[in-house]
Amino acid sequence: MSDVAGARSVSEQTSDLDARSLYQRILGADFERLPPSLRALHARAGVRRYAGEAEASRGAGWLSRLCGWIAGLPPAHTGAIEVEIDADRHGETWIRRFGHGAMRSRLRERDGLIHERLGPMAFAFALELVDAGLIWRLRSVRALGVALPLSWFDGMHAHEFERDGRYRFDVRAALPGIGLLVHYRGWLAIGD
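All letters in the sequence shown, in the order written, are residues 404 to 595 by the working numbering.
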């Protein structure tokens, strides 16, 4: 009888692990140290939709525009943003709508990192907890499955934080010799 009880306990533990969000699994106990708006955004399962305001800038050169198009980056935009997050036990699909343009990515956990697929690009990030939020630290980049030098991506920065009780984001990507690909920043109303 104790073997059955032990098996049930393992099953319950597995169920508890599966019930944790992507960010809860990666951050562990540090998840509770996040500001309230970040915890609310990153703790929910199922499909959620958020609205806010954003400003997106794009690089001006033809090569910058081509790279942005290949990766599915958002167009230049100032105004409303809508973000849809579909979270399940395997990861999250994010669709960010900037006016008429949409940027879709899939996030999963592997080896304690967030792996984000954006078009033919795959990025791996370590999440670093800072006072007011999270900094995404790039650890690897692949294009069509081929590893690329991290030094090419020194111009990539992503930060999620809370200011005045509101969830905010600031993401910038630039490449050497090409310049700015995209810089988008803004806020989302998370609610309860």
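Glycine included, each C-beta is placed from N, C-alpha and C at the ideal position. The structure displayed is predicted, hence computed values, not measured ones.
- By a beta-carbon distance limit of 8 angstroms, ALA561 contacts VAL574. Their separation comes to about 5 angstroms.
- The shortest C-alpha to C-alpha distance from ASP514 to any of ARG542, VAL533, GLY548 is the one to ARG542.
- PRO438 is positioned such that its CB atom lies closer than 9 angstroms to that of PHE564.
- GLY482 is a Cβ neighbour of GLY502, given a cutoff of 9 angstroms.
- Straight-line spacing of the CA atoms in HIS445 and LEU425 works out to 8 angstroms.
- Around ARG436, the same chain offers LEU532 as residues with beta carbons nearer than 7 angstroms, after the five sequence neighbours per side are excluded.
- Spanning the alpha carbons of MET506 and SER554 requires a straight line of approximately 25 angstroms.
- For ALA474, the secondary structure class from DSSP, reduced to helix, strand or coil, is helix.
- PHE434 and GLY589 have their C-alpha atoms roughly 22 angstroms apart.
- When the alpha-carbon of TYR587 is set against those of ARG451, GLY431, GLY455, the nearest one is in GLY455.
- By the Cβ-count criterion, VAL585 is buried, with 16 or more other Cβ atoms from all chains shown falling within 10 Å of its own Cβ.
- By the beta-carbon neighbour count (other beta carbons within 10 angstroms, threshold 16), VAL450 is exposed.
- With a contact defined as Cβ atoms closer than 8 angstroms, ILE593 and LEU530 miss out at about 18 angstroms.
- Annotated three-state conformation of HIS562 is strand, per DSSP.
- Taken through DSSP and simplified to helix, strand or coil, ILE593 comes out as coil.
- DSSP, reduced to helix, strand and coil, places HIS586 within a strand of the structure shown.
- Under the three-state reduction of DSSP output, ARG428 falls in the helix class.
- The shortest CA-to-CA distance from ILE484 to any of ALA443, GLY504, ARG468 is the one to GLY504.
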